[in-house]
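Asker:
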Amino acid sequence: MSVWRDSYAQRDGFLKSLILANVAVTGLWLSAQMKSGKSSSPLEFMEENFTVSSRGVFKERRYYTLVTSFFSHKRVSHLVNNMYTLWALGPAVIHTIGTTNFALLYMGGGVISSLAQLYWPYIIPQSWPAYIKYNSGNSLGASGAISSLAMWVSFRWPTHIFRLYGVIELPGAVVGALTVAMDMTGLYDGGSNIGHMAHLAGAAFGALFFISSRIMGSRR
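Take a look at the structure:
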């Protein structure tokens, strides 16, 4: 598919800025962790300003953390996984819908994911194991925003073959369906530190973004 070949030749400035911002925040986390033996202040600053939590948003009114949290990764492995996916999918999406719409898709997916992560205990049935295991800890990471891109891509190119982990080849529609199924299973069972509701909310936003764009486009 030519859009994939052509788009890789031009790495959009906005895409590079997103990645650099994420790398910079991870650098702040690493610096804070190295200083934690001398003072807890740097880590407390990062926890308060670069993670999202019910306490931070609803009690302390740090609404900006709905955004800063999805530029934030404590672990380098978490950062690398998300930025690799962004680097792989981003160019084709920008090539297709432009930088402005890409920004709306990515940032919108990130904010919706942050909100979903705050509200999910009030959404799922109380009979689910995850409700019993609920941990009201802080959340962070770009996975929800990345999920919005990935789902948009699976809707836009459902038959395009994607290679997962450099080995498994599957059509876009299958990748999207499997991802949702895995997150639904994780959301039901709970017990992990993965924000499955954030992933699902991001995916839903990506799907709705694609569908609404098609509807508006057909009316012109």
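Read in the working numbering, the sequence shown has 167 at position 172, and its numbers run on one by one without any break.
C-beta: ideal position from N, C-alpha, C; glycine also.
Candidates 24, 193, 208: which alpha carbon is nearest residue 150's?
Answerer: Looking up residue 150 in the sequence shown gives position 155. Of the candidates 24, 193, 208, the one whose C-alpha sits nearest the C-alpha of residue 150 is 208.
Asker: Among all the DSSP beta bridges, which residues are the ones paired with residue 134?
Answerer: Here residue 134 refers to the residue found at position 139 of the sequence shown. Answer is 47.
Asker: Does the segment 156 to 165 come within contact of the segment 101 to 118, defined as at least 3 CB pairs closer than 8 Å?
Answerer: Cβ pair count under 8 Å is below three, so no.
Asker: Alpha carbon to alpha carbon, what distance is there between residue 44 and residue 110?
Answerer: Residue mapping note: residue 110 aligns to position 115 of the sequence shown, counting from 1. Residue mapping note: residue 44 aligns to position 49 of the sequence shown, counting from 1. Approximately 16 Å, taken between the alpha carbons.
Asker: Starting from residue 157, trace the beta strand (DSSP E) in both directions and tell me its first and last residue.
Answerer: Looking up residue 157 in the sequence shown gives position 162. Element bounds for residue 157: 156 to 159.
Asker: Does residue 116 come out as helix, strand or coil in the three-state DSSP assignment?
Answerer: By 1-based counting over the sequence shown, the position of residue 116 is 121. Reduced to three states, the DSSP call for residue 116 is helix.
Asker: Quick one: grab the DSSP three-state call for residue 37.
Answerer: Residue numbering aside, residue 37 sits at position 42 when the sequence shown is read from its first letter. Helix, per DSSP.
Asker: According to the Cβ coordinates, are residue 225 and residue 69 closer than 8 Å?
Answerer: Residue 225 falls outside the range modelled here, since the chain spans only -4 to 215, and no answer is possible.
Asker: Whole angstroms are fine: how far does the CA of residue 10 sit from the CA of residue 155?
Answerer: For the purposes of this step, residue 155 is taken as the residue at position 160 of the sequence shown. For the purposes of this step, residue 10 is taken as the residue at position 15 of the sequence shown. Taking the straight line from one Cα to the other gives about 22 Å.
Asker: Relative to the C-alpha of residue 86, which residue among 66, 203, 148 is closest?
Answerer: Numbered from its first residue, the sequence shown carries residue 86 at position 91. Closest by alpha carbon: 148.
Asker: For residue 86, does the three-state DSSP call read helix, strand or coil?
Answerer: Residue mapping note: residue 86 aligns to position 91 of the sequence shown, counting from 1. Of the three classes helix, strand and coil, the one that applies to residue 86 here is helix, per DSSP.
Asker: Counting beta carbon pairs with one atom in the segment 93 to 102 and one in the segment 72 to 80, are three or more of them shorter than 8 Å?
Answerer: No, the segment 72 to 80 is not in contact with the segment 93 to 102.
Asker: Is residue 133 closer than 8 Å to residue 48 when the C-beta atoms are compared?
Answerer: Here residue 48 corresponds to residue number 53 of the sequence shown, with the count starting at 1. Here residue 133 corresponds to residue number 138 of the sequence shown, with the count starting at 1. Contact: yes.
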